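Using this note's numbering, read the sequence shown as starting at 1 and increasing by one per residue.
The beta-carbon is built from N, C-alpha and C at its ideal position, and this holds for glycine as well.
Computed from a predicted model, the values in this text were never measured in an experiment.
To keep things clear, I will list the structure first and then write my remarks on it.
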Amino acid sequence: MTYQNPPMPPRKSATFDDHTMAEIRRAAATGIYDIRGGGTKRKLPHLDDLLFLGASMSRYPLEGYRETCGTGVTLGTRFAKKPIALKIPITIAGMSFGSLSANAKEALGRGATLAGTSTTTGDGGMTDEERGHSDILVYQYLPSRYGMNPRDLRRADAIEVVVGQGAKPGGGGMLLGQKISDRVAAMRDLPKGIDQRSACRHPDWTGPDDLEIKIGELREITDWEKPIYVKVGGARPYYDTALAAKAGADVVVLDGMQGGTAATQDVFIEHVGQPTLACIRPAAQALQDLGLHRSVQLVISGGIRSGADVAKAIALGADAVSIGTAALVAIGDNDPAYEEEYRELGSTAGAYDDWHEGRDPAGITTQDPELAARLDPVRAGRKLANYLKVMTLEAQTIARACGHNHLHNLEPEDLVALTLEAAAMARVPLAGTDWYPGKAGF
Numbered sequence: 001m002t003y004q005n006p007p008m009p010p011r012k013s014a015t016f017d018d019h020t021m022a023e024i025r026r027a028a029a030t031g032i033y034d035i036r037g038g039g040t041k042r043k044l045p046h047l048d049d050l051l052f053l054g055a056s057m058s059r060y061p062l063e064g065y066r067e068t069c070g071t072g073v074t075l076g077t078r079f080a081k082k083p084i085a086l087k088i089p090i091t092i093a094g095m096s097f098g099s100l101s102a103n104a105k106e107a108l109g110r111g112a113t114l115a116g117t118s119t120t121t122g123d124g125g126m127t128d129e130e131r132g133h134s135d136i137l138v139y140q141y142l143p144s145r146y147g148m149n150p151r152d153l154r155r156a157d158a159i160e161v162v163v164g165q166g167a168k169p170g171g172g173g174m175l176l177g178q179k180i181s182d183r184v185a186a187m188r189d190l191p192k193g194i195d196q197r198s199a200c201r202h203p204d205w206t207g208p209d210d211l212e213i214k215i216g217e218l219r220e221i222t223d224w225e226k227p228i229y230v231k232v233g234g235a236r237p238y239y240d241t242a243l244a245a246k247a248g249a250d251v252v253v254l255d256g257m258q259g260g261t262a263a264t265q266d267v268f269i270e271h272v273g274q275p276t277l278a279c280i281r282p283a284a285q286a287l288q289d290l291g292l293h294r295s296v297q298l299v300i301s302g303g304i305r306s307g308a309d310v311a312k313a314i315a316l317g318a319d320a321v322s323i324g325t326a327a328l329v330a331i332g333d334n335d336p337a338y339e340e341e342y343r344e345l346g347s348t349a350g351a352y353d354d355w356h357e358g359r360d361p362a363g364i365t366t367q368d369p370e371l372a373a374r375l376d377p378v379r380a381g382r383k384l385a386n387y388l389k390v391m392t393l394e395a396q397t398i399a400r401a402c403g404h405n406h407l408h409n410l411e412p413e414d415l416v417a418l419t420l421e422a423a424a425m426a427r428v429p430l431a432g433t434d435w436y437p438g439k440a441g442f
């Protein structure tokens, strides 16, 4: 009897996988690059790769039911006459009216207000609904200048000069024609229904010296009252943070590549920038080297989802964090209840491929009046406030377990890393050792 080996199943290439093959065929058929919303989908080193060392013998934990743990943070203490005081170190990132519906923007304002924190306008200007329902509103000043006017600069509580975004550092924004409604077109001085592409850099300055002049102009317009933020994408965090601080920023917002976007090229989202985890320590180090750490506040964004993420970012040197995608999920985006409708769009709940399409069944990333009406801004605002409350409680729980009575007392010594990559990026020891790659003396 002759033994025969069973036939081996065919092997597919790891380089030319099914998705890559489909993209090659799509590009060959259309001659158009892929545009989508959301953030990177590749697996990257992230805050999940860090663990906290709870208190034991060397430190005593705090009792949650009788020992307080502070969460407040004040942003803009360097130069602004009226810095903003937040009850929690979690803010809502800039997401424009245009990319989001008016109801969604209102919900974000309501939720942030209930939680005692700030929300941010995004590209395209300030709506009266957003201003009316946001106790603390940050006004984004972008290269496009869409909707920008001195009145709204003065109505804001802080101004965020956007140099870059984590999903596309070095690239401008996109808003496709299906989301350019009559109101969006009027606010941005654009033709209705025509694709919009924002500039990738500010038209009146090209470097940090010009930025210093621009910050001075903004301070004069607002009588030095408003904190001035500078937002940069996670590309060269040490130098970008240092230059922003030297230009006069009160706050540096640093957005890693896990941050989302309304729409841009898929190749940008997946192949440009650095993971959020890799950005925090260099940025904090830049401020420390300038003697400005905690004097110039550092806000970290890009893939923040839980109280553990908040606590880890603060332990690595941040003063606060900012959330975007997570906030949209909290108010109802990509709800599996709409799975059938997401499939009709060629997507699925949780894929975030549909943000640029303008047909969001949840009524959030759309300008369609019927779809937008599905979102109740009052109920959605309460859901966001609940989520922010849970995140804060989770961060407090961790801080108390590490023996700290304020979130800002968390420090790198409270952390260990699970992988060599995370140890190198966060500059904390690999678990079970006192070593990380690049540590002096090794």
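- Bounds of the alpha helix (DSSP H) holding TYR239 are 237 to 246.
- Our two residues, THR222 and ALA318, have alpha carbons roughly 27 Å apart in a direct line.
- With a 10 Å radius around the Cβ and a threshold of 16 neighbouring Cβ atoms, GLN196 comes out buried.
- Note on TYR60: under 16 other CB atoms within 10 angstroms of its CB, so exposed under the neighbour-count rule.
- The Cβ atoms of ALA380 and VAL310 lie no closer than 7 Å to each other.
- Apart from sequence neighbours up to five positions away, the residues of its chain that approach ALA156 with a beta-carbon distance below 6 Å are LEU137 and TYR139, ordered along the chain.
- Judged by beta-carbon spacing, PRO45 lies beyond the 7 Å limit of PRO191, meaning their Cβ atoms are not closer than that value.
- A straight line joining the alpha-carbon of ARG25 with that of THR261 spans about 25 Å.
- The beta carbons of SER198 and GLY234 sit no closer together than 7 Å.
- Note that the C-beta distance between ILE194 and GLY171 is not below 7 Å.
- SER101 and ARG374 have their C-alpha atoms roughly 11 Å apart.
- Under the DSSP definition of a beta bridge, GLU160 partners with GLN140 and TYR229.
- Collapsing the DSSP output to three states places ILE32 in coil.
- Pairing THR68 with GLY403, the inter-Cα distance amounts to about 11 Å.
- Short of 6 Å from the beta carbon of VAL321, and not among the five residues preceding or following it, lie these beta carbons of its own chain, in chain order: ILE90, ILE300, ILE304, VAL310 and ALA313.
- Taken in chain order, the complete beta strand (DSSP E) segments of 3 or more residues contained in the region 318 to 394 are 320 to 323.
- When the alpha-carbon of ASP250 is set against those of GLY256, ILE35, THR264 and TRP224, the nearest one is in TRP224.
- In the same chain as GLY302, and ignoring 5 residues on each side of it, the C-beta atoms closer than 7 Å to its own belong to GLY166, GLY234, ASP255, GLY256, MET257, GLN258, GLY259 and THR276, in chain order.
- Counting along the chain, no beta strand (DSSP E) covers ILE194, and no H or E run does either.
- Distances from the alpha-carbon of VAL390 to those of THR40, ALA115 and VAL428 put ALA115 closest.
- With a minimum length of 4 residues, the unbroken runs of alpha helix (DSSP H) contained wholly in the region 66 to 144 fall at 102 to 115 and 128 to 132.
- Rounded to the nearest angstrom, the Cβ distance from GLY94 to GLU23 is 30 Å, too far for a contact under 8 Å.
- Taking C-beta separations shorter than 6 Å and ignoring five residues to either side along the sequence, the partners of THR419 in its chain run ASP49, following chain order.
- For ASP255, the enclosing beta strand (DSSP E) has its first and last residue at 251 to 255.
- Secondary structure of ALA315 (DSSP, three-state): helix.
- A direct Cα-to-Cα measurement between PRO227 and LEU316 gives close to 23 Å.
- Taking the Cα positions, GLY438 is about 28 Å away from SER295.
- A residue is called buried when at least 16 other Cβ atoms come within 10 angstroms of its Cβ; TYR33 does not meet this threshold and is exposed.
- Rounded to the nearest angstrom, the gap between the Cα atoms of THR117 and LEU388 is 9 Å.
- Per DSSP, VAL428 is not a residue of any alpha helix (DSSP H), being assigned neither H nor E.
- Look at VAL267 here: in three-state DSSP terms it is helix.
- Restricting attention to ALA247, GLU220 and ARG219, the CA atom closest to the CA of LYS231 is found in ALA247.
- Burial is judged here by how many other beta carbons sit within 10 angstroms of a residue's own beta carbon; GLU370 has fewer than 16 and is exposed.
- Contact check for TYR146 against GLY164 fails: the beta carbons are separated by 7 Å or more.
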